[in-house]
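One structure below.
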Amino acid sequence: MINAIIIDDEKNALEVLEMQLNQYCENVHIVAKANGGIKGIEAIKKYSPDLVFLDIEMPHKNGFDVLTETKQYNYDVIFTTAYDQFAIKAFKYSAIDYLLKPIDIIELQQAVDKIKNKQGGNSLDEKIKALFYQLQTPQKLTNKIALPIGDSMQFMEPDEIIRCESDSNYTHIF
Numbered sequence: 016m017i018n019a020i021i022i023d024d025e026k027n028a029l030e031v032l033e034m035q036l037n038q039y040c041e042n043v044h045i046v047a048k049a050n051g052g053i054k055g056i057e058a059i060k061k062y063s064p065d066l067v068f069l070d071i072e073m074p075h076k077n078g079f080d081v082l083t084e085t086k087q088y089n090y091d092v093i094f095t096t097a098y099d100q101f102a103i104k105a106f107k108y109s110a111i112d113y114l115l116k117p118i119d120i121i122e123l124q125q126a127v128d129k130i131k132n133k134q135g136g137n138s139l140d141e142k143i144k145a146l147f148y149q150l151q152t153p154q155k156l157t158n159k160i161a162l163p164i165g166d167s168m169q170f171m172e173p174d175e176i177i178r179c180e181s182d183s184n185y186t187h188i189f
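Sequence positions in the sequence shown follow the working numbering and run 16 to 189.
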């Protein structure tokens, strides 16, 4: 589970992103929402999140101020903003992603997947369960024969082969 904070000065944007995350990103748990940069800094210090969804243009403290004042905390950032002119600066701050409002669901899921993959994906328990499942599930063994043809390989089932004929260094398969 990824513990996240949403920081945005627009109440509607906070609610929409929270709804999108709850509906489409089940591995994200929102521990706090902060209306603006100052409250965002307080929330980061209080909750030590894994991930922060951060708007850039906010009064008093913008998104970059929030990052500067909380750089001692270890969290990933996904910028959520209506302004694309800050993208290069955002990536200089090691942002995982930069999502333009209105946020596209698929882009949101892909950004969250980056965090999940960065954190090593599933928990150890989930990995062990997956391993046991694969060990208990009978695997279909392939009986195909690989035949080199030019620069590639062709795979054939043995029962598809009627006969093989030798022709010098080659074999003709019928």
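Beta carbons: idealized from backbone N, C-alpha and C, even for Gly.
Endpoints, alpha helix (DSSP H) assigned at residue i
i, result
"LEU48", "Correcting the residue type first, residue 48 is Lys in the shown sequence and not Leu. Careful: LYS48 lies outside any alpha helix (DSSP H), inside the beta strand (DSSP E) at 43 to 49."
"PHE189", "Segment: none, PHE189 is in no alpha helix (DSSP H) and carries neither H nor E."
"ASP128", "120 to 133"
"PHE101", "PHE101 -> no alpha helix (DSSP H), and no H or E assigned at all."
The ligand GDP heavy atom lying under 8 Å from the CB of residue i
i, result
"PHE189", "Of ligands this structure carries none, so the ligand GDP is not represented either."
Under the three-state DSSP convention, the category residue i falls into
i, result
"ASN18", "strand"
"MET34", "helix"
"GLU180", "strand"
"GLN169", "strand"
"GLY136", "At GLY136 the pLDDT is 49, less than 50, meaning the model places this residue with poor confidence; the figure from the coordinates comes in the next sentence. Three-state DSSP puts GLY136 in coil, outside helix and strand."
"ASP24", "coil"
"TYR39", "helix"
"LYS86", "coil"
"GLN154", "Reliability of the predicted coordinates at GLN154 is poor, the pLDDT of 48 falling under 50, and no value is obtained from them."
Exposure of residue i, with buried meaning 16 or more beta-carbon neighbours within 10 Å
i, result
"CYS40", "buried"
"PRO74", "exposed"
"PHE94", "buried"
"PRO163", "exposed"
"ALA19", "buried"
"ILE59", "buried"
"THR83", "exposed"
"PRO64", "buried"
"GLY136", "The pLDDT assigned to GLY136 is 49, lower than 50, so where the model puts this residue is not dependable, and the model offers no usable value."
"ASN37", "exposed"
First and last residue of the uninterrupted beta strand (DSSP E) at residue i
i, result
"GLU161", "As written in the sequence, residue 161 is Ala, which differs from the Glu given in the question. Unbroken beta strand (DSSP E) run through ALA161: 160 to 164."
"ILE93", "91 to 96"
"ASP112", "112 to 115"
Proximal residues to residue i (C-beta, below 7 Å), its chain only, five neighbours per side dropped
i, result
"LYS26", "ASN50"
"ARG178", "PHE189"
"LYS116", "ALA28, THR95, THR96 and ALA97"
"ASP80", "GLY52"
"ILE45", "ALA19, ILE21, GLU33 and LEU36"
Beta-carbon contacts of residue i that lie in its chain and below 6 Å, excluding the five residues immediately before and after
i, result
"GLU180", "HIS187"
Nonlocal neighbours in the same chain, by C-beta distance under 8 Å from residue i, ignoring five residues either side
i, result
"ASN42", "MET16, ILE17, VAL127 and LYS131"
"THR85", "ILE56, ILE59 and LYS60"
"GLN124", "TYR39 and CYS40"
Would you list, in sequence order, the uninterrupted beta strand (DSSP E) runs of no fewer than 3 residues that lie entirely inside the stretch 49 to 78? 66 to 69, all fully within the stretch 49 to 78.
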